[in-house]
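Undergrad:
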Amino acid sequence: MANDNYRFNPETLSYDKVEVNFKEKFKKTLYFLGTSFLFALIISFVTTKVFETGKERDLIQRNDKLKNKFVLMNKDMKQMSEILNDIQYRDNNIYRVIFEADPIPSKLKESNFDDINKFAELSNINDEDLMKETSLKINTLFKQLYIQSKSYNKVLDMALNKEKMLTCIPSIQPISNKDLKRAASGWGMRVDPIYKIPKFHYGMDFSAPIGTEIFATGNGVVKRVIRSKVGYGLHILVDHEYGYETLYAHMSKFNVKKGQRVHRGDVIGYVGSTGKSTGPHLHYEVHKNKRAVNPQNYYFQDLTAEEYEKMIEYSTNMGQSFD
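Position one of the sequence shown corresponds to residue 0 (numbering that gives the first Met the number 0), numbered consecutively onward.
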């Protein structure tokens, strides 16, 4: 039989038929199947790792193209960011300076829409970091552009209201030059007339006869009308909006009441010597955003260049104030 096996017997000098039991047949079968399975695995591994299918090649090419697109997108976003930085610089250092508005806070500009779960859908995608980085940059640019858009809306509103703003900013002397009795005592360290010690003077003193008219230096609303026997004596505080306020002190009489709207050049009161004062004069202050500033920078509307220079020269001389 073709499937029978024979073994030579030297004793009988003949071939004896080899009888194979079931157990041995089972072992051989298992060995054959195991060897075949292992060989199939090796061939499959080599085929998948070494040789690419057409579909895999297409996917690899598409992936490479996407990577190149992300690189180009990052370059474009870098240019967009540089342009946005230039716009923000001009907004803060030109437009807002012109309209005397505070710049956009840096923390607000640099913040972004960080959300822990925002990029969760990208967690199972290859090149996850690249996609997250690009998405975050786009997100940040969107936030900054939104803030900048709102900023320009405010700048536009300020531009449309510039005329109103100019009428409100203090820009004339509170007392006419023809009524001044002597040079004013200005902003800075001065000798206190009562205590005879150096003390910072947060305004400007205009010496003039009692009863001299005092003018509102810009459009606004009378915020305070106070009668006091000490300190500023009879004094008025006018709110001009846009962060400006002016104070008129040591008056002899009022010509306005609290809540009254006044215009630049209106007579709001008269020179006196009330409160802590050593002689008839007006103590005048300009406040910007709740802080006193040098009034000499706010007389640009009614003084000639020569008068302005002379006023600065007199007011900067060290001397004694009147209050």
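In this text, a Cβ means the ideal position worked out from N, Cα and C, and glycines have one as well.
Report, in whole angstroms, the separation of the C-beta atoms of E284 and T245, which I expect to be a contact under 8 Å.
TA: In the sequence shown, residue 284 corresponds to position 285, counting from 1. In the sequence shown, residue 245 corresponds to position 246, counting from 1. About 7 Å; that satisfies the 8 Å criterion.
Undergrad: Terminal residues of the continuous beta strand (DSSP E) containing L246?
TA: Here residue 246 refers to the residue found at position 247 of the sequence shown. Here the beta strand (DSSP E) through L246 covers 243-253.
Undergrad: Can you tell me whether F214 is buried or exposed, with buried defined as 16 or more other CB within 10 angstroms of its CB?
TA: In the sequence shown, residue 214 corresponds to position 215, counting from 1. By the 10 Å Cβ count, F214 comes out buried.
Undergrad: Could you tell me which residues DSSP puts in a beta bridge with H234?
TA: As a first step, residue 234 must be located in the sequence shown, where it is residue number 235. I225.
Undergrad: What do you get for Q143, buried or exposed, if any count of 16 or more other CB atoms within 10 angstroms of its CB means buried?
TA: Mapped onto the sequence shown, residue 143 falls at position 144. Counting Cβ neighbours within 10 Å, Q143 comes out buried, since at least 16 surround it.
Undergrad: Taking DSSP's pairing of strands, which residues face I213 in a bridge?
TA: Position 214 of the sequence shown holds residue 213. Answer is G268, bridged to I213.
Undergrad: Near G264, which residues of its chain fall below 8 Å by C-beta distance, leaving aside the five closest residues on each side in sequence?
TA: Against the sequence shown, residue 264 aligns to sequence position 265. The answer, listed in chain order, is I171, F214, A215.
Undergrad: Note the first and the last residue of the continuous beta strand (DSSP E) segment covering K163.
TA: Sequence index remark: in the sequence shown, residue 163 carries index 164 (1-based). Segment 161-167 is the alpha helix (DSSP H) holding K163; no beta strand (DSSP E) there.
Undergrad: Can the beta-carbon of Q295 be found closer than 8 Å to that of M188?
TA: In the sequence shown, residue 295 corresponds to position 296, counting from 1. In the sequence shown, residue 188 corresponds to position 189, counting from 1. Contact flag unset, no.
Undergrad: Can you tell me whether DSSP reads H39 as helix, strand or coil?
TA: Start at 1 with the first residue of the sequence shown, and residue 39 comes out as number 40. Before going on, a small fix: residue 39 reads as Ala here, not His. The answer is helix: DSSP assigns A39 an H, G or I state.
Undergrad: Am I right that H262 and Y247 are in contact with their C-beta atoms under 8 Å? What's the rounded C-beta distance?
TA: Position 263 of the sequence shown holds residue 262. Position 248 of the sequence shown holds residue 247. Contact flag wrong, Cβ pair sits at about 15 Å.
Undergrad: With respect to the beta strand (DSSP E) encompassing F299, which residues constitute its N-terminal and C-terminal limits?
TA: Indexing the sequence shown from 1 puts residue 299 at position 300. F299 -> no beta strand (DSSP E), and no H or E assigned at all.
Undergrad: Let's see if you can read the secondary structure: which residues bound the beta strand (DSSP E) around S206?
TA: The count along the sequence shown starts at 1 and reaches residue 206 at position 207. Unbroken beta strand (DSSP E) run through S206: 203-206.
Undergrad: I think V255 touches V224, with their Cβ atoms under 8 Å apart; what is that distance to the nearest whole Å?
TA: The sequence position of residue 255 within the sequence shown is 256, counting from 1. The sequence position of residue 224 within the sequence shown is 225, counting from 1. Right, the Cβ-Cβ distance comes to about 7 Å (below 8 Å), so this counts as a contact.
Undergrad: So is V237 buried or exposed if we call it buried at 16+ other beta carbons inside 10 Å?
TA: Against the sequence shown, residue 237 aligns to sequence position 238. Per the 10 Å Cβ criterion, buried.
Undergrad: Are the beta-carbon atoms belonging to Y307 and Y297 less than 8 Å from one another?
TA: Residue 307 sits at position 308 when you count from the first residue of the sequence shown. Residue 297 sits at position 298 when you count from the first residue of the sequence shown. It is not a contact, given that the beta carbons lie outside the stated cut-off.
Undergrad: Which first and last residues belong to the beta strand (DSSP E) in which P294 is found?
TA: In the sequence shown, the residue the question calls residue 294 occupies position 295. That residue, P294, is in no beta strand (DSSP E); it is neither H nor E in DSSP.
Undergrad: For H239, which residues from the same chain have a beta carbon less than 6 Å from its beta carbon, with the 5 sequence-adjacent residues on both sides left out?
TA: Numbered from 1 along the sequence shown, position 240 holds the residue referred to as residue 239. Cβ within range, chain order: C167, G217, G219.
Undergrad: Run through the DSSP bridge pairs and tell me what M79 is partnered with.
TA: In the sequence shown, the residue the question calls residue 79 occupies position 80. Note: M79 sits in no beta bridge, so no partner.
Undergrad: Is it buried or exposed for F253, if we count other Cβ within 10 angstroms and need 16 for buried?
TA: Working through the sequence shown from its first residue, we reach residue 253 at position 254. Buried, because 16 or more other Cβ atoms sit within 10 Å of the Cβ of F253.
Undergrad: If we count the other Cβ atoms within 10 Å of its Cβ and call it buried at 16 or more, is S227 buried or exposed?
TA: Here the question's residue 227 lines up with position 228 in the sequence shown. By the 10 Å Cβ count, S227 comes out exposed.
Undergrad: Nearest-angstrom Cα distance between S184 and N138?
TA: For the purposes of this step, residue 184 is identified with residue 185 of the sequence shown, where counting begins at 1. For the purposes of this step, residue 138 is identified with residue 139 of the sequence shown, where counting begins at 1. Rounded to whole angstroms, S184 to N138 spans 56 Å at the Cα level.
Undergrad: For M0, count neighbouring C-beta atoms within 10 Å of its own C-beta (all shown protein chains included) and say buried if the count is 16 or more, exposed if not.
TA: The residue you call residue 0 lines up with position 1 of the sequence shown. Bear in mind that a pLDDT of 46 at M0, under 50, signals an unreliable position, so the model cannot answer this.
Undergrad: In terms of residue numbering, what span does the beta strand (DSSP E) encompassing G187 cover?
TA: Residue mapping note: residue 187 aligns to position 188 of the sequence shown, counting from 1. Run containing G187: 187-190, per the beta strand (DSSP E) assignment.
Undergrad: Using DSSP bridges, identify the partner residues of R260.
TA: Sequence index remark: in the sequence shown, residue 260 carries index 261 (1-based). BP columns for R260 point to V220.
Undergrad: Go ahead and label S134 buried or exposed: buried means 16 or more other beta carbons lie within 10 angstroms of its beta carbon, across all protein chains shown.
TA: Stepping through the sequence shown from its first residue, residue 134 is reached at position 135. Its Cβ having fewer than 16 others within 10 Å, S134 is exposed.
Undergrad: In whole angstroms, what separates the C-alpha of S150 from that of E162?
TA: For the purposes of this step, residue 150 is identified with residue 151 of the sequence shown, where counting begins at 1. For the purposes of this step, residue 162 is identified with residue 163 of the sequence shown, where counting begins at 1. The alpha-carbon atoms of S150 and E162 are separated by roughly 20 Å.
Undergrad: I209 and G271: beta carbons closer than 8 Å?
TA: Position 210 of the sequence shown holds residue 209. Position 272 of the sequence shown holds residue 271. A contact, by the Cβ cut-off of 8 Å.
Undergrad: Would the beta-carbon of Y243 fall within 8 Å of that of K287?
TA: Here residue 243 is taken as the residue at index 244 of the sequence shown, counted from 1. Here residue 287 is taken as the residue at index 288 of the sequence shown, counted from 1. A contact, by the Cβ cut-off of 8 Å.
Undergrad: Go ahead and label I82 buried or exposed: buried means 16 or more other beta carbons lie within 10 angstroms of its beta carbon, across all protein chains shown.
TA: By one-based count along the sequence shown, residue 82 stands at place 83. Looking at its Cβ environment, which holds fewer than 16 other Cβ atoms inside 10 Å, I82 is exposed.
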